[in-house]
Amino acid sequence: MMPPTSDFGFFRIEFRANDEDDYPAFPDTNYFLHDLNLLYEFSRVIVDPKYRGYRFSRFFTYRNRRRIDADDQLRIERLTQQSPLYIATVVAALPATAATIWIGVQIFEKIANFSLNREILKLNRDKLRRELAQPLGQGQADIRELTEDSFRQQVHIREAEYIYDRIENHLRDNPIRIREIEVAYVRELPKKIEEEK
76 MMPPTSDFGF FRIEFRANDE DDYPAFPDTN YFLHDLNLLY EFSRVIVDPK YRGYRFSRFF
136 TYRNRRRIDA DDQLRIERLT QQSPLYIATV VAALPATAAT IWIGVQIFEK IANFSLNREI
196 LKLNRDKLRR ELAQPLGQGQ ADIRELTEDS FRQQVHIREA EYIYDRIENH LRDNPIRIRE
256 IEVAYVRELP KKIEEEK
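The opening residue of the sequence shown carries number 76 in the numbering used here; numbering runs sequentially from there.
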């Protein structure tokens, strides 16, 4: 598969999981990855005007269901094979992507109940806002206006509470917990080096 392309650069999102379990169960890892992707795609459908006409159904969470365009999907840059789980993803830097990432981080903060010092959390949020706003320029929506409450209101308007609650509960119930999320804007993706055979 060809590497993703974007005239606007990319957001690189790194997820680091807890390291309490040296040998996480395979199903837990599988379900976690699926639910992480579902949270991203669900949020993208809610915040991206391109998907305004998307109709939610009980089939939304099915594994083989196509929810968003291929260009809008998360792409894996790196995935560790050891514990703790580490995932680096990339996605084209667009206003809807920034809003999706912003709401996703807020949801993970709530689920994980990050026990970070409030000042550190505020600094991290301010840094995240700057990173997400960097490629967007003037005249774009301010992601600070997007809160979990306003997101929930959109979920209600779109009649998708059941799906949102299901995804959130699956992530909350999974023993794999995200302990850190790092988001950065990159203009270009690094070239993948062919491994010697």
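All residues carry an ideal CB built from backbone N, CA and C; glycine is no exception.
Sixteen is the threshold: when 16 or more other Cβ atoms of the shown chains lie within 10 Å of the Cβ of Asp123, as they do, the residue is buried. Around the CB of Asp240, fewer than 16 other CB atoms lie within 10 Å, so the residue is classed as exposed. With contacts defined by Cβ atoms closer than 7 Å, Ile176 and Val258 form a contacting pair.
Contiguous alpha helix (DSSP H) elements confined to the segment 119-170 do not occur, taking only those with 4 or more residues. By the C-beta criterion, the segment 147-155 is judged not to be in contact with the segment 129-138, since fewer than 3 inter-stretch pairs fall below 8 Å. Straight through space, the alpha carbons of Tyr98 and Ile178 are spaced by roughly 30 Å. For Ala259, the three-state secondary structure derived from DSSP is strand. In the structure shown, Ile238 adopts helical secondary structure according to DSSP, grouped into three states. Where Arg91 is concerned, the enclosing beta strand (DSSP E) starts and stops at Phe85 to Ala92. Under the criterion of beta carbons closer than 8 Å, Glu223 and Ile182 qualify as touching, at roughly 7 Å. Listed in chain order, the non-local C-beta contacts of Phe131 below 7 Å within the same chain comprise Arg233, Glu234, Ala235 and Ile238, local neighbours out to five positions each way being set aside. Setting aside the 5 residues that flank it on each side, Leu221 is surrounded in the same chain by Val122, Ala174, Trp177 and Ile178, each with a C-beta closer than 8 Å to its C-beta; the list follows chain order. In this structure, the beta-carbon distance from Glu89 to Ala167 does not fall below 7 Å.
Taking 7 Å as the cut-off, the beta carbon of Ala100 is found no closer than this to the beta carbon of Leu160.
Under the three-state reduction of DSSP output, Arg227 falls in the helix class. By the beta-carbon neighbour count (other beta carbons within 10 angstroms, threshold 16), Arg140 is exposed.
Judged by DSSP in its simplified three-state form, Arg254 adopts strand.
About 22 Å separates the beta carbons of Arg87 and Val120, which is beyond the 8 Å limit, so they are not a contact pair. Pro170 and Ser158 have their alpha carbons spaced roughly 33 Å apart.
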